[in-house]
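Undergrad: So for the sequence shown, the numbering used here puts the first residue at 224; every next one is plus one.
Yeah, the Cβ is synthetic: ideal placement off N, Cα and C, and Gly gets one too.
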Amino acid sequence: MQAIRRLLMISTLVLASSCPCKGQIDRTGLNGTVRDSAGRPIVGARIMVTLSATGLRRETASSQGGAYDIPALPAGVYRVFCAAPNFKESVLEGLRQTVGRTQTLDIMLGVGGVAESVTVSGAGSALDKTSATLGESTEPKQVRELPLNGRNWSTLTALVPGAIDSGGSNQRSIRFAGRGLDDNNFTFDGIDATNIVNQAQQPFVRLAIPIDAIEEFTVSTMLFTADAGSTPGGAISVASKSGTNALRGSVFEYLRNGVFDARQPIDALNPTKPGFRLNQFGGTVGGPIRRDRSFYFLNYEGLRQSLGQTLPGFVPSDTFRSQVAQRRPI
């Protein structure tokens with residue numbers, strides 16, 4: 224009987240893990256219309272998008288009205304290919320898809336032979352016509368190159384329209400659109416992480432994530448849909464990095480110590496200054512397990528701190544003791 228129960232449990236877990244996730248919180252989407260140069264919709268046009276880093280490929284065809292929709296795409300930079308019989312092929316390179324956003328990309332195909340194609344490189348971000356959400360996405364380059372005290376990624380959320388920082392630039396001081404701090408909603412790879420609070424490493428952080436593990440994150444301050452958050456405050460959606468077809472890695476270490484620190488006034492008579500040493504270190508490694516099919520990504524970040532402090536104490540003098548003794552009630 225126990226063996227049967229164990230077999231049923233394993234089967235349930237396997238089936239659950241193989242079901243596709245349809246949540247849009249940690250994904251992005253692409254839609255639009257395919258038309259010819261006269262503005263008429265093209266039926267049955269083939270649209271194929273390829274994620275440049277991993278080779279992930281999704282394909283669809285335009286409908287009777289020329290419309291197409293490709294949902295649930297991982298965030299990243301894509302190559303968009305579109306072709307139809309008796310029309311020139313269209314290739315769009317470098318289309319950036321941001322987490323939590325569905326972009327609208329309308330494609331126009333010119334009349335021509337199958338051997339002809341039109342390639343556009345360095346494309347900017349397509350217009351989002353599907354949402355009225357007020358917010359902003361933070362890309363990997365911003366997370367990687369902007370100076371962040373303590374490597375705290377939440378500092379960048381203060382740059383989003385509607386953000387209010389009461390001081391400290393951390394997840395306990397930044398709120399959005401006049402809402403309370405406890406109204407903010409956090410998701411990590413589509414999983415609700417709002418109730419992760421007061422972690423031991425950094426008590427002021429509600430969701431501690433190494434910045435090297437973040438692909439990008441989006442903050443929606445208002446007018447977002449119900450699937451983006453369960454609270455009335457800002458909706459912060461974080462997407463983690465993935466391995467790619469290229470083997471990549473990084474290491475870092477930051478050091479602070481008390482060599483150049485000035486003495487505190489209370490330490491003026493102390494012959495030895497209290498020691499201080501902080502090391503923040505870590506690294507990443509990622510690459511392919513099977514090219515264009517499966518990948519791995521590992522990240523580690525550590526924080527070690529040794530901090531000495533002088534604790535003041537009050538030692539009453541003989542004069543003070545005598546005054547207290549005289550005023551003691553009988």
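1) Nearest to A276 by alpha carbon, out of D484, F537, A290 and R319?
2) Who are the Cβ neighbours of Q503 in its own chain at under 6 Å, not counting the five residues just before and after it?
3) Terminal residues of the continuous beta strand (DSSP E) containing Q365?
4) Evaluate contact between the region 256-271 and the region 464-481, counting only Cβ atoms and requiring at least three cross-stretch pairs below 8 Å.
5) Checking 8 Å against the spacing of the C-beta atoms, do G413 and D249 come in under that value?
6) Pick helix, strand or coil for F520, following the three-state DSSP scheme.
7) Under three-state DSSP, which class holds N502?
8) Three or more beta-carbon pairs under 8 Å between the region 365-373 and the region 431-441, yes or no?
9) Would you kindly work out how many angstroms separate the C-alpha atoms of G246 and N493, rounded to a whole number?
10) For T542, does the count of other Cβ atoms within 10 angstroms reach 16, so buried, or fall short, so exposed?
11) From Q424 to A462, what does the alpha carbon distance come to, in whole angstroms?
12) Return yes when the Cβ of G255 is within less than 8 Å of the Cβ of Y291, no when it is not.
13) Tell me where the beta strand (DSSP E) around P539 begins and ends.
14) Grab me the residues of A548's own chain with a C-beta within less than 7 Å of its C-beta, minus the 5 sequence neighbours each way, in chain order.
15) Quick one: residues in its chain with C-beta nearer than 7 Å to the C-beta of L530, no 5 flanking neighbours on either side, listed in chain order?
16) Is D259 closer than 8 Å to F304 when the C-beta atoms are compared?
17) Identify the continuous beta strand (DSSP E) that holds A284 and give its terminal residues.
18) Can you list, in chain order, the residues of its chain whose CB lies under 8 Å from that of S465, leaving out five sequence neighbours each side?
19) Considering only residues of the same chain and omitting the five flanking positions on each side of R514, which have a CB-CB separation below 8 Å?
20) Starting from Q320, follow the beta strand (DSSP E) in both directions and report where the run begins and ends.
21) By the 10 Å Cβ neighbour count, where 16 or more other Cβ atoms means buried, how is I459 classified, buried or exposed?
22) Drop a sphere of 10 angstroms on the beta-carbon of C244, count the other beta-carbons inside from all chains shown, and report buried for 16 or more, exposed for fewer.
23) D405 by DSSP, collapsed to three states: which one?
24) Measure from the alpha carbon of R324 to the alpha carbon of each residue in S473, G358 and T454, then state which is nearest.
25) Buried or exposed for Q487, going by 16 or more other Cβ atoms inside 10 Å?
26) DSSP on T378, reduced to helix/strand/coil?
27) Output the distance between the C-alpha atoms of R280 and I293, rounded to the nearest integer angstrom.
TA: According to the structure shown:
1) Counted from its first residue, the sequence shown places residue 276 at position 53. Checking every option, the nearest Cα to that of A276 belongs to R319.
2) As a working note, residue 503 is residue 280 in the sequence shown. Once the five neighbours on either side are set aside, the close Cβ partners of Q503 are Y477 and L526.
3) Here residue 365 corresponds to residue number 142 of the sequence shown, with the count starting at 1. Annotation: Q365 is outside any beta strand (DSSP E); the continuous alpha helix (DSSP H) that includes it extends over P363 to E368.
4) Touching, no, given that fewer than three Cβ pairs across the two stretches are closer than 8 Å.
5) Along the sequence shown, read from residue 1 onward, the residue named residue 413 stands at position 190. Along the sequence shown, read from residue 1 onward, the residue named residue 249 stands at position 26. Yes, the Cβ-Cβ distance between G413 and D249 is below 8 Å.
6) Looking up residue 520 in the sequence shown gives position 297. It is a strand residue.
7) As a working mapping, residue 502 is identified with position 279 in the sequence shown. Strand at N502.
8) yes
9) Within the sequence shown, numbered from 1, the residue matching residue 246 stands at position 23. Within the sequence shown, numbered from 1, the residue matching residue 493 stands at position 270. Residue placement at G246 cannot be trusted, given a pLDDT of 44 that sits under 50; what the coordinates show is reported in the next sentence. Between G246 and N493, the C-alpha separation is close to 60 Å.
10) For the purposes of this step, residue 542 is identified with residue 319 of the sequence shown, where counting begins at 1. Label assigned to T542: exposed.
11) The sequence position of residue 424 within the sequence shown is 201, counting from 1. The sequence position of residue 462 within the sequence shown is 239, counting from 1. For Q424, the pLDDT reaches just 49, beneath the cut-off of 50, and the residue's location in the model is therefore unreliable, leaving the point undetermined.
12) Along the sequence shown, read from residue 1 onward, the residue named residue 291 stands at position 68. Along the sequence shown, read from residue 1 onward, the residue named residue 255 stands at position 32. Closer than 8 Å, so yes.
13) Counting from 1 along the sequence shown, the entry for residue 539 is found at position 316. Segment: none, P539 is in no beta strand (DSSP E) and carries neither H nor E.
14) Translated into positions along the sequence shown, residue 548 becomes position 325. Once the five neighbours on either side are set aside, A548 has no close Cβ partner at all.
15) For the purposes of this step, residue 530 is taken as the residue at position 307 of the sequence shown. For L530, the CB contacts under 7 Å within the same chain, skipping 5 residues up- and downstream, are F499 in chain order.
16) For the purposes of this step, residue 304 is taken as residue 81 along the sequence shown, with counting starting at 1. For the purposes of this step, residue 259 is taken as residue 36 along the sequence shown, with counting starting at 1. No.
17) The residue labelled residue 284 in the question sits at position 61 within the sequence shown. First-last of the beta strand (DSSP E) with A284: R280 to A284.
18) In the sequence shown, counting from the first residue as 1, residue 465 sits at position 242. A276, T277, P297, E438, G509, F518 and F520.
19) Mapped onto the sequence shown, residue 514 falls at position 291. Same-chain partners within the cutoff: G278 and N468.
20) Position 97 of the sequence shown holds residue 320. Its beta strand (DSSP E) spans residues E312 to Q320.
21) One-based indexing of the sequence shown puts residue 459 at position 236. Buried, by the Cβ-count rule.
22) Taking the first residue of the sequence shown as 1, we reach residue 244 at position 21. Model confidence at C244 stands at a pLDDT of 41, short of 50, so the residue's coordinates are unreliable; what they give is reported in the following sentence. With fewer than 16 Cβ atoms within 10 Å of its Cβ, C244 is classed as exposed.
23) Taking the sequence shown and counting its residues from 1, one reaches residue 405 at position 182. Helix.
24) By one-based count along the sequence shown, residue 324 stands at place 101. Selected option, being the one with the closest Cα: G358.
25) In the sequence shown, the residue the question calls residue 487 occupies position 264. Result: exposed.
26) To locate residue 378, count along the sequence shown from 1; it is residue 155. Helix, per DSSP.
27) Residue numbering aside, residue 280 sits at position 57 when the sequence shown is read from its first letter. Residue numbering aside, residue 293 sits at position 70 when the sequence shown is read from its first letter. The alpha-carbon atoms of R280 and I293 are separated by roughly 11 Å.
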